[in-house]
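Q: Per the numbering used here, residue 1 is the first one in the sequence shown, and the count goes up by one each step. The C-beta atom is built at its ideal place from N, Cα and C for all residues, glycine as well.
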Amino acid sequence: MHLEPTATDTERSLLREGVLAAHDFSALLGAVAHGVERTFGARVVNARLVMAHPYSPDVRLRVERIGNVTHHRPAAAGKHPIEEFALALSDEVVVSRNVTGWLEEAGLSLPGEHPAAVALIPLRAIAGVNAGAFVLGFDAPLSSFQPNQRLLLHDLRRAAQNVLSTCRELEMLRMTTNNMQEIFEAATMLEGGDDPRTVAQSACEILVERLGFDRSVVTLFNPHETDLVVAGSAGMEGSGMPVRVSLAERKALLATTYREAGVRWLEAHTEPVFADAARGAPRHHAVCLPLLVDGRATGVLYADHGENCVQVSPSRLVSLSLFANNVAARLESARLLSHVGRLADQDPLTGLGNRRAFDSALRREVARAQRHLTPITILMVDIDRFKELNDLHGHLVGDDVLRQTAGLLTKVVREMDFVARFGGDEFVVLMPGAEEAAGRAIRNRILAEIDRQQATLGREKWTFRLSLGVRTASAEDADKLLSEADSALYAHKEAQVRAELLRVLSEARHEDIGRWDHYLGKLLAVLVEKQPGYLRHAREVATTALAVGRALEMTPSELEALHLAAIVHEVGKISIPGVLLNRVSPLSPQEYLTVQSHVRLGEELIREVSYLGDVCGILRSQRERWDGRVDAAPPAFPGELRGAEIPLGARILFAADSFHTMQLERPYRPARSAAQAREALAAESGRAFDPGVVAALFAAHAEPPAAAARKPLNA
């Protein structure tokens with residue numbers, strides 16, 4: 001494009017009025033560029049208005065127009081030599097028709113891309129100091145620079161100086177608006193949630209990536225250690241940034257900002273805030289903002305930059321303070337949400353995770369185990385007889401036991417394990433990556449610790465035990481894994497209850513048995529009232545039966561069932577009238593059937609106790625004969641089984657009970673001696689009694705009589 005140069009009075013007036021009509025820097029730069037184009041008849045390809053920044057002498061405010069697009073770009077002083085040259089001019093207007101030669105004469109460096117010609121128009125403020133300068137580049141060398149052209153440039157210059165202050169005010173308003181908009185957008189980018197560290201890290205990244213800082217740190221007050229703890233940072237690699245900032249350092253920047261709860265703006269700051277001084281630079285510009293909640297500092301936001309591009313100014317300091325307030329509010333919200341989340345996931349009595357927290361952890365760990373094909377173990381824990389403890393000693397004692405159990409579990413599990421109160425008196429331990437052996441080891445450590453604590457308690461104090469169930473899987477459905485661990489728990493609980501029951505039945509007085517198991521205690525109390533020596537007799541039968549059972553290599557669980565059956569084998573007699581039990585004269589057939597019915601009634605009574613199910617079969621068959629005869633004396637009852645069909649425990653109990661009963665004095669007969677009792681057993685060996693059982697019984701008590709035992713039915 002080629003424009004004919006003009007400098008008529010009319011044209012000069014129109015161009016000057018166009019500049020005077022400008023209301024902001026963009027319009028002003030456009031009007032001046034148009035006037036210069038009309039003056040020289042050449043196209044302006046690059047127009048810049050350069051001014052010293054009102055808040056920082058080291059920063060240049062640059063408005064650049066390329067084509068029809070205008071950019072506002074601050075830059076550090078000294079970055080653009082031609083612009084600095086223009087700002088240093090006096091009243092003269094400089095026009096270089098050939099820019100290459102002029103740059104060399106002026107001693108300025110030659111930029112990589114430069115116009116063919118330039119026009120430099122300085123703008124002077126009222127005090128005589130240059131307030132700015134226009135730098136305009138042409139697309140072709142200028143043919144001449146005539147006096148009328150110089151006059152027109154001075155007209156444009158004076159007109160621009162007249163509207164410069166108005167444009168500056170509008171520019172400052174624009175900058176403030178832009179700052180507020182920028183801070184608003186930055187605030188909306190802050191990450192929320194219930195993790196204060198996530199919020200802090202997000203704030204640091206926004207300060208660096210969006211707001212022009214080189215580095216940023218957020219520190220939060222730690223009330224437990226009375227110092228500031230770094231919660232997030234950006235751009236701090238190699239800075240020697242500590243994890244904590246001590247508030248005891250009275251002159252330290254962060255500590256001072258926290259104590260005074262006031263904003264600190266350090267321009268060209270030389271004090272090293274951390275171990276470095278802004279990446280080794282001799283100075284840096286920093287801002288320190290307190291994070292205020294209800295007027296109280298909860299932490300400090302720090303940001304700095306090595307090259308000042310007006311990241312901080314009086315107007316921007318206001319918006320940065322608003323950003324810091326927004327960060328403080330988000331941090332406080334995250335802290336409260338985290339606290340509420342912890343309360344929602346925490347059992348208030350024990351401080352452990354609750355069922356909600358456990359369900360979440362279980363599904364997370366099961367998914368991880370399935371993904372990585374690693375094992376996962378669950379340990380279910382239950383306090384035995386906890387309801388009875390509450391009933392006897394009150395809920396405060398029960399609460400103390402719950403807290404002690406929680407402390408015991410957290411003491412013996414691994415650091416990575418998750419312990420939760422599952423509900424009531426149940427706890428659960430989630431052990432990610434633990435093999436079955438590790439789960440059993442933890443279980444054994446818990447049981448050993450319980451035994452150690454019990455050993456320190458007196459007999460008059462309450463003692464309690466834990467039931468534990470372990471389940472391990474490498475890729476299991478969460479509900480199925482939990483269900484199987486729960487089943488294992490109840491199996492262990494039943495085993496412990498039975499073991500404790502055996503101890504009580506074998507050692508305690510019948511009056512005390514009811515304190516442990518009310519139902520069994522009542523049954524035995526009634527029976528002892530009818531047969532005062534029953535409990536001693538039952539324990540003797542149990543001792544003999546266990547000796548025979550061990551000789552016949554019964555398993556521990558079978559021996560336990562036999563032991564329990566021996567203690568309660570005659571509870572059905574509570575329904576038999578005492579007159580029949582103590583009759584001196586012989587019983588009628590009908591009366592004998594009534595007495596025999598105690599076997600079936602005893603089975604029905606014991607079946608009410610859930611953990612004695614395997615005892616019922618022994619009780620039901622304890623009067624079956626080896627030969628199955630119902631017409632013999634005594635007859636088989638109920639006459640359903642014979643020989644090896646009869647449970648071994650029932651065969652042993654029948655022989656042991658008969659052996660000891662014959663040695664008791666009854667109203668209807670005198671007591672027999674042990675030798676006589678053995679002879680009677682030998683006579684019925686292979687008939688009423690299992691010959692193998694009889695032989696084992698004789699071995700346990702004394703040598704058998706000379707009479708040979710009869711062969712079994714199936715021999």
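Where does the unbroken beta strand (DSSP E) through ALA119 begin, and where does it stop?
A: Within the sequence shown, the letter at position 119 stands for residue 119. Segment 117-124, the beta strand (DSSP E) holding ALA119.
Q: Would LEU20 pass as a contact of VAL163 if the rule is Cβ separation under 8 Å?
A: Indexing the sequence shown from 1 puts residue 20 at position 20. Indexing the sequence shown from 1 puts residue 163 at position 163. At a Cβ-Cβ threshold of 8 Å, LEU20 and VAL163 count as neighbours.
Q: Cβ atoms of ALA117 and SER96: under 8 Å apart, would you say?
A: In the sequence shown, residue 96 corresponds to position 96, counting from 1. In the sequence shown, residue 117 corresponds to position 117, counting from 1. In this structure, ALA117 lies closer than 8 Å to SER96 by Cβ.
Q: Here's a check: name, in chain order, each residue in its chain whose Cβ is nearer than 6 Å to the Cβ of ALA707, leaving out the five neighbours to either side.
A: Position 707 of the sequence shown, counting from 1, holds the residue named residue 707. Legend: pLDDT at ALA707 = 38, less than 50; position of this residue unreliable, value from coordinates given subsequently. Only residues of its own chain outside the window of five on either side were considered, and among them ALA682 have a CB closer than 6 Å to the CB of ALA707, listed in chain order.
Q: If LEU301 and VAL340 are in contact, beta carbons under 8 Å, what's the gap, nearest whole angstrom?
A: For this step, residue 301 is matched to residue 301 along the sequence shown. For this step, residue 340 is matched to residue 340 along the sequence shown. With 8 Å as the limit, LEU301 and VAL340 do not qualify as a contact, their Cβ atoms being about 25 Å apart.
Q: Spatial neighbours of SER575 within its chain, please: CB distance less than 6 Å, with the 5 preceding and 5 following residues excluded, ordered by chain position.
A: Here residue 575 corresponds to residue number 575 of the sequence shown, with the count starting at 1. Cβ-Cβ distances below 6 Å link SER575 to LEU601 in the same chain, with the five nearest sequence neighbours on each side left out; the list follows chain order.
Q: Compute the Euclidean distance between the alpha carbons of ALA86 and ALA160, then round it to the nearest angstrom.
A: Reading the sequence shown from its first residue, position 86 is the one you call residue 86. Reading the sequence shown from its first residue, position 160 is the one you call residue 160. Taking the straight line joining both Cα atoms gives about 15 Å.
Q: Does GLU640 come within less than 8 Å of chain D when only Cβ atoms are used?
A: Within the model displayed, chain D is absent; a lone protein chain is all it includes.
Q: Going by C-alpha distance, which of ALA485, LYS480, GLN404 is nearest ARG440?
A: Walking along the sequence shown from the start, residue 440 turns up at place 440. Nearest of ALA485, LYS480, GLN404 to ARG440, Cα basis: ALA485.
Q: Run the CB neighbour count on ALA688, radius 10 Å, all protein chains shown included, and call it buried at 16 or more, exposed below.
A: For this step, residue 688 is matched to residue 688 along the sequence shown. Around the beta carbon of ALA688, a 10 Å sphere encloses 16 or more other beta carbons of the protein chains shown; the residue is thus reported as buried.
Q: Please classify VAL135: does DSSP put it in a helix, a strand, or coil?
A: Along the sequence shown, read from residue 1 onward, the residue named residue 135 stands at position 135. VAL135: strand per DSSP, three-state reduction.
Q: Excluding five sequence neighbours on each side, which residues of the same chain lie with their C-beta closer than 6 Å to the C-beta of THR257?
A: The residue you call residue 257 lines up with position 257 of the sequence shown. If we look at THR257 and ignore the five residues flanking it on each side, its Cβ neighbours are ARG264, CYS288, PRO290, VAL300.
Q: Please report the distance separating the alpha-carbon of GLU169 from that of VAL59.
A: Taking the sequence shown and counting its residues from 1, the one referred to as residue 169 is at position 169. Taking the sequence shown and counting its residues from 1, the one referred to as residue 59 is at position 59. Approximately 18 Å between the Cα atoms of the pair.
Q: Indicate whether LEU430 and LEU331 have their beta-carbon atoms separated by less than 8 Å.
A: Here residue 430 corresponds to residue number 430 of the sequence shown, with the count starting at 1. Here residue 331 corresponds to residue number 331 of the sequence shown, with the count starting at 1. Taking 8 Å as the Cβ cut-off, LEU430 and LEU331 do not qualify as a contacting pair.
Q: First and last residue of the beta strand (DSSP E) that includes LEU735?
A: Because the chain spans 1 through 715 in this model, residue 735 falls outside it and cannot be assessed.
Q: I'd like the list of long-range same chain contacts for GLY469, defined as Cβ closer than 6 Å, with 5 residues on each side in sequence excluded.
A: The residue given as residue 469 occupies position 469 in the sequence shown. A distance below 6 Å between beta-carbons, with the five flanking residues on each side excluded, links GLY469 to the following residues of its chain, in chain order: MET380, ALA485, ALA488, LEU489, HIS492.
Q: Per DSSP, PHE637 forms a beta bridge with which residues?
A: Start at 1 with the first residue of the sequence shown, and residue 637 comes out as number 637. In the DSSP output, where bridge partners are listed per residue, PHE637 has ARG623.
Q: Where does the unbroken alpha helix (DSSP H) through GLY728 begin, and where does it stop?
A: Since the first residue of the chain shown is 1 and the last is 715, residue 728 is not available in this structure.
Q: Please report the Cβ distance between GLN531 and HIS569, rounded to the nearest whole angstrom; I am assuming they are in contact, meaning their Cβ atoms lie under 8 Å.
A: Taking the sequence shown and counting its residues from 1, the one referred to as residue 531 is at position 531. Taking the sequence shown and counting its residues from 1, the one referred to as residue 569 is at position 569. Between HIS569 and GLN531 the Cβ distance is about 12 Å, and since that is not below 8 Å, they are no contact.
Q: Going by the CB atoms, is the gap between ILE618 and LEU612 shorter than 8 Å?
A: Indexing the sequence shown from 1 puts residue 612 at position 612. Indexing the sequence shown from 1 puts residue 618 at position 618. No.
Q: Using a Cβ-Cβ cut-off of 6 Å (strictly less than) and excluding sequence neighbours within five positions of ASN390, which residues of its own chain qualify?
A: The count along the sequence shown starts at 1 and reaches residue 390 at position 390. Sequence-distant Cβ neighbours of ASN390 in its own chain, meaning closer than 6 Å and more than five residues away, are GLY398.
Q: Can you tell me which of the three DSSP states THR405 falls into?
A: For the purposes of this step, residue 405 is taken as the residue at position 405 of the sequence shown. Looking at THR405 - three-state DSSP - the assignment turns out to be helix.
Q: Rounding to the nearest angstrom, what Cα-Cα distance links LEU151 and GLU92 in this structure?
A: Here residue 151 is taken as the residue at index 151 of the sequence shown, counted from 1. Here residue 92 is taken as the residue at index 92 of the sequence shown, counted from 1. If you take the alpha carbons of LEU151 and GLU92, they lie about 11 Å apart.
Q: GLY649 bridges to which residues according to DSSP?
A: Against the sequence shown, residue 649 aligns to sequence position 649. GLY649 pairs with nothing; no bridge assigned.
Q: With C-beta atoms as the reference, is ASP304 less than 8 Å away from ALA324?
A: The residue given as residue 304 occupies position 304 in the sequence shown. The residue given as residue 324 occupies position 324 in the sequence shown. Not closer than 8 Å, so no.
Q: Starting from TYR302, trace the beta strand (DSSP E) in both directions and tell me its first and last residue.
A: Your numbering for residue 302 matches position 302 in the sequence shown. Taken as a continuous stretch (DSSP letters only), the beta strand (DSSP E) holding TYR302 covers 296-305.
Q: Taking Cβ to Cβ, would you say GLY643 is nearer than 8 Å to VAL630?
A: For the purposes of this step, residue 643 is taken as residue 643 along the sequence shown, with counting starting at 1. For the purposes of this step, residue 630 is taken as residue 630 along the sequence shown, with counting starting at 1. For GLY643 and VAL630, no; Cβs fall outside 8 Å.
Q: Less than 6 Å between C-beta atoms, sequence neighbours within five positions excluded: which residues of the same chain meet that for ALA277?
A: Within the sequence shown, numbered from 1, the residue matching residue 277 stands at position 277. In this predicted model, ALA277 has a pLDDT of only 40, less than 50, meaning its place in the structure is not dependable enough to derive any value.
Q: Is it true that the CB of ALA140 sits closer than 8 Å to the CB of VAL36?
A: By one-based count along the sequence shown, residue 36 stands at place 36. By one-based count along the sequence shown, residue 140 stands at place 140. No.
Q: Helix or strand or just coil, what does DSSP make of THR716?
A: One cannot answer for residue 716 here, as it falls past the ends of the chain, which runs 1 to 715.
Q: Let me make sure I understand the geometry here. Which of VAL45, GLU84, PHE221 has the alpha-carbon closest to that of ILE66?
A: Taking the sequence shown and counting its residues from 1, the one referred to as residue 66 is at position 66. When each option's Cα is compared against that of ILE66, the closest is VAL45.
Q: Does DSSP put ASP517 in a helix, in a strand, or in coil?
A: Locating residue 517 in the sequence shown gives position 517, counting from the first residue. Looking at ASP517 - three-state DSSP - the assignment turns out to be coil, as it is neither helix nor strand.
Q: From the DSSP output, read off the bridge partner residues of PRO556.
A: One-based indexing of the sequence shown puts residue 556 at position 556. Looking at the DSSP assignment, PRO556 forms no beta bridge with any residue, so it has no partner.
Q: Might you give, ordered along the chain, the residues of its own chain that have their beta carbon closer than 6 Å to the beta carbon of GLN657, omitting 5 neighbours on each side?
A: Residue 657 sits at position 657 when you count from the first residue of the sequence shown. The sequence given here places Asp at residue 657; Gln does not occur at that position. Counting only Cβ-Cβ distances below 6 Å, and skipping sequence neighbours, we find VAL541.
Q: Any idea what DSSP makes of PHE422, helix, strand or coil?
A: Against the sequence shown, residue 422 aligns to sequence position 422. PHE422: strand per DSSP, three-state reduction.
Q: Could you please give the first and the last residue of the uninterrupted beta strand (DSSP E) stretch that includes ASN222?
A: Position 222 of the sequence shown, counted from the first residue, corresponds to residue 222. Residues 215-222.
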